[in-house]
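**Student:** Those letters in the sequence shown? Residues 1 to 335, per the numbering used here, in order. Positions of the beta carbon are idealized from the N, C-alpha and C atoms, including for glycine.
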Amino acid sequence: MTKDFTMKAFKVTGVNKRKRVGIAVKDLNELKLKGCEKLQIPTQEVTVCLEEDGTEVEDNKYLWSLPSQTVLMILCKGEKWEGGASMLLRSISRIEENICSRKENIYTCIHKELLDGDINKQTAVGLAEFVKNIKMNIKSSTREEDPDWFEGLSSKCRAKEEHLRYSAKARIRGYLDKAKEHFNAQKIPENTKLKLEQVMDSFKEQLKLNSYHGHYFVRSHSVDKERMCDRDGWFSCEGLYNEETCKHYHSINPYGSKESRILFSTWNLDHVIEKSREVLPCLVEAAKNIPRGRKINVQYFYDLLFTRMNLKLVHIACHDKREHATRCDRRKIYS
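1. Considering just the uninterrupted stretch of the beta strand (DSSP E) at residue 268, what are its terminal residues?
2. Can you tell which of 139, 176, 71 and 153 has the C-alpha that lies nearest to the C-alpha of residue 204?
3. Could you pull out every residue in the same chain whose Cβ sits closer than 6 angstroms to the Cβ of residue 271, ignoring the five residues on either side in sequence?
4. Can you check whether the CB of residue 314 is closer than 9 angstroms to the CB of residue 269?
5. The alpha helix (DSSP H) that contains residue 317, what's its start and end?
6. Can you find the residues in the same chain that come closer than 7 angstroms, C-beta to C-beta, to residue 320, ignoring five residues on each side of it along the sequence?
7. Do residue 287 and residue 207 have their beta-carbon atoms positioned less than 9 angstroms apart in this structure?
8. May I have the straight-line CA-CA distance separating residue 295 from residue 273, to the nearest angstrom?
9. Which residues does DSSP pair with residue 71 in a beta bridge?
10. Does DSSP classify residue 103 as helix, strand or coil?
11. Could you give the residue range of the beta strand (DSSP E) that holds residue 50?
12. Nearest to residue 254 by CA position, among 58, 78 and 164, is which residue?
13. For residue 316, count neighbouring Cβ atoms within 10 angstroms of its own Cβ and tell me buried if that reaches 16, exposed if not.
14. Expressed to the nearest angstrom, what Euclidean distance is found between the alpha-carbon atoms of residue 230 and residue 237?
15. I think residue 36 touches residue 47, with their Cβ atoms under 8 angstroms apart; what is that distance to the nearest whole Å?
16. Quick check: what's the CA-CA separation for residue 233 versus residue 142?
17. Any contact of the region 206-225 with the region 167-175, i.e. 3+ C-beta pairs under 8 angstroms?
18. Per DSSP, residue 296 is paired with what?
19. Would you mind stating whether residue 328 and residue 248 have Cβ atoms separated by less than 9 angstroms?
20. Please list, in chain order, all residues of the same chain as residue 148 whose beta carbon is under 7 angstroms from its beta carbon, the five residues on each side excluded.
21. Which whole-angstrom value describes the C-beta separation of residue 146 and residue 140, a residue pair presumed to lie in contact below a C-beta threshold of 8 angstroms?
22. Report the rounded CA-to-CA distance for residue 162 versus residue 201, giving the unit in angstroms.
23. Would you call residue 179 buried or exposed, if buried means 16 or more other Cβ atoms sit within 10 Å of its Cβ?
24. Hey, residue 305 and residue 332 are a contact pair by Cβ (cut 8 angstroms); roughly how many whole angstroms apart?
25. Using the Cβ count rule (16 or more neighbours within 10 Å means buried), how would you classify residue 260?
26. Would you say residue 256 and residue 138 are within 9 angstroms of each other, going by their C-beta atoms?
27. Output the boundary residues of the alpha helix (DSSP H) element that contains residue 214.
28. Could you give the first and the last residue of the continuous beta strand (DSSP E) run that contains residue 23?
29. Taking 8 angstroms as the cut-off, is the C-beta of residue 13 nearer than that to any heavy atom in the ligand GDP?
30. Quick check on DSSP: helix, strand or coil for residue 236?
31. Assuming residue 65 and residue 9 form a contact by the criterion Cβ under 8 angstroms, report the distance between their Cβ atoms to the nearest whole angstrom.
32. Residues in the same chain with beta-carbon distance under 6 angstroms from residue 15, minus the five sequence neighbours each way, listed in chain order, please.
Printed below as a string of structure tokens:
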């Protein structure tokens, strides 16, 4: 027998709808029917999800666990909703439409969207960032084109890409220096020290071949998967070490302004498997206990220390400094 739910109030909207509509329903099926009627959309094969994060509402039990006045999306077949990112993109799309159709100033359109649009705080913050970034001189590259960007940098630096390449190299060199410091601080037998010195020599040789991975931050680098930004120089936070994506949609373009360039220096290249707590101690132990007929898998440790296999670019708020739960794969430390 179906549970007899009492009535509960929700707000519903659709992907291409500007306003939210309040309805009171007794179950999920009624919510779909009333919602489609109010929003004037077809009732066939619709799904319901949370506006906030896109979580699908699949049954009455989950629906009734939600607070009253929760905003729900009613999606037609083929439509997708990803929460805050979708809301921000929808607002920006409306702004672009108004600019094209009404020939209005972009700042006027954004102001109207903030006043008239039924948007949440996260979207409002995103629009504020959008306004800020409009003012950036993203497309320029040289000192002559954007002299303010180069303020405080060496006069030898003539292009933005040149500085960002140097910045990436400096971070990678820093990891090499940390490895050397860690090894030098160990009280270990001479033969183990010799093995670690050989590993360091291999690291240096490969880093030189890879130009210290300076391409990580260079927007003009030809191989997409080898750089961390898009072709305009936009970097997206990759989220906490144990999460697939950034839940806060952090992004930055250090090519756009001096302020963004400086702020970008606070973003971290985070080792998913921690450099100091796990990778380097594991490498020392590997050097101490090399089995007969085996050798240290230098490539595995190189990848962990210097490559995107183990590095995530993260906003400072997504840099978890607590001990990570991730560990080296002991099956890969020897070859």
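**Tutor:** Reading from the atomic positions:
1. Looking up residue 268 in the sequence shown gives position 268. Looking at the DSSP string, the run of the beta strand (DSSP E) that includes residue 268 is 268-271.
2. Taking the sequence shown and counting its residues from 1, the one referred to as residue 204 is at position 204. When only C-alpha atoms are compared, the closest one is 176.
3. In the sequence shown, residue 271 corresponds to position 271, counting from 1. Cβ within range, chain order: 310.
4. The residue given as residue 269 occupies position 269 in the sequence shown. The residue given as residue 314 occupies position 314 in the sequence shown. Against a cut-off of 9 angstroms, the Cβ pair of residue 314 and residue 269 comes out as a contact.
5. Working through the sequence shown from its first residue, we reach residue 317 at position 317. Residue 317 -> no alpha helix (DSSP H), and no H or E assigned at all.
6. Position 320 of the sequence shown, counted from the first residue, corresponds to residue 320. The answer, listed in chain order, is 240 and 241.
7. Taking the sequence shown and counting its residues from 1, one reaches residue 207 at position 207. Taking the sequence shown and counting its residues from 1, one reaches residue 287 at position 287. No. Outside cutoff.
8. Numbered from 1 along the sequence shown, position 295 holds the residue referred to as residue 295. Numbered from 1 along the sequence shown, position 273 holds the residue referred to as residue 273. Cα to Cα, the separation comes out at about 22 angstroms.
9. Numbered from its first residue, the sequence shown carries residue 71 at position 71. Per DSSP, 11.
10. Mapped onto the sequence shown, residue 103 falls at position 103. With a pLDDT of 49 at residue 103, under the threshold of 50, the modelled position of this residue cannot be trusted, and the question is left open.
11. Numbered from its first residue, the sequence shown carries residue 50 at position 50. Per DSSP, residue 50 belongs to the beta strand (DSSP E) from 47-50.
12. By 1-based counting over the sequence shown, the position of residue 254 is 254. When only C-alpha atoms are compared, the closest one is 164.
13. Residue mapping note: residue 316 aligns to position 316 of the sequence shown, counting from 1. Exposed is the call here.
14. Numbered from its first residue, the sequence shown carries residue 230 at position 230. Numbered from its first residue, the sequence shown carries residue 237 at position 237. Looking at the two C-alpha atoms, the distance is approximately 13 angstroms.
15. Numbered from its first residue, the sequence shown carries residue 36 at position 36. Numbered from its first residue, the sequence shown carries residue 47 at position 47. About 12 angstroms; that fails the 8 angstroms criterion.
16. Working through the sequence shown from its first residue, we reach residue 233 at position 233. Working through the sequence shown from its first residue, we reach residue 142 at position 142. Taking the straight line from one Cα to the other gives about 14 angstroms.
17. yes
18. Counting from one through the sequence shown, the residue named residue 296 turns up at place 296. Answer by DSSP bridge pairing, in chain order: 334.
19. One-based indexing of the sequence shown puts residue 328 at position 328. One-based indexing of the sequence shown puts residue 248 at position 248. In this structure, residue 248 does not lie closer than 9 angstroms to residue 328 by Cβ.
20. One-based indexing of the sequence shown puts residue 148 at position 148. Same-chain partners within the cutoff: 258.
21. Here residue 146 refers to the residue found at position 146 when the sequence shown is read from its first residue. Here residue 140 refers to the residue found at position 140 when the sequence shown is read from its first residue. The Cβ separation is near 4 angstroms, so the contact holds.
22. As a first step, residue 162 must be located in the sequence shown, where it is residue number 162. As a first step, residue 201 must be located in the sequence shown, where it is residue number 201. One C-alpha to the other measures close to 27 angstroms.
23. The count along the sequence shown starts at 1 and reaches residue 179 at position 179. Classification of residue 179: buried, given that the 10 Å Cβ count is 16 or more.
24. Numbered from its first residue, the sequence shown carries residue 305 at position 305. Numbered from its first residue, the sequence shown carries residue 332 at position 332. Their Cβ separation, rounded to whole angstroms, is 14 angstroms, which puts residue 305 and residue 332 out of contact at 8 angstroms.
25. Within the sequence shown, the letter at position 260 stands for residue 260. Per the 10 Å Cβ criterion, buried.
26. Within the sequence shown, the letter at position 256 stands for residue 256. Within the sequence shown, the letter at position 138 stands for residue 138. Going by C-beta atoms, residue 256 is nearer than 9 angstroms to residue 138.
27. Counted from its first residue, the sequence shown places residue 214 at position 214. It is not in any alpha helix (DSSP H) - residue 214 carries neither H nor E in the DSSP assignment.
28. If you number the sequence shown from 1, residue 23 lands on position 23. Where residue 23 is concerned, the enclosing beta strand (DSSP E) stretches over 21-25.
29. The ligand GDP is absent from the structure shown, which contains no ligands of any kind.
30. Here residue 236 refers to the residue found at position 236 when the sequence shown is read from its first residue. Strand, per DSSP.
31. As a position in the sequence shown, residue 65 is number 65, starting the count at 1. As a position in the sequence shown, residue 9 is number 9, starting the count at 1. That pair is no contact at about 15 angstroms.
32. Position 15 of the sequence shown holds residue 15. Cβ neighbours of residue 15 beyond the five flanking positions: 79.
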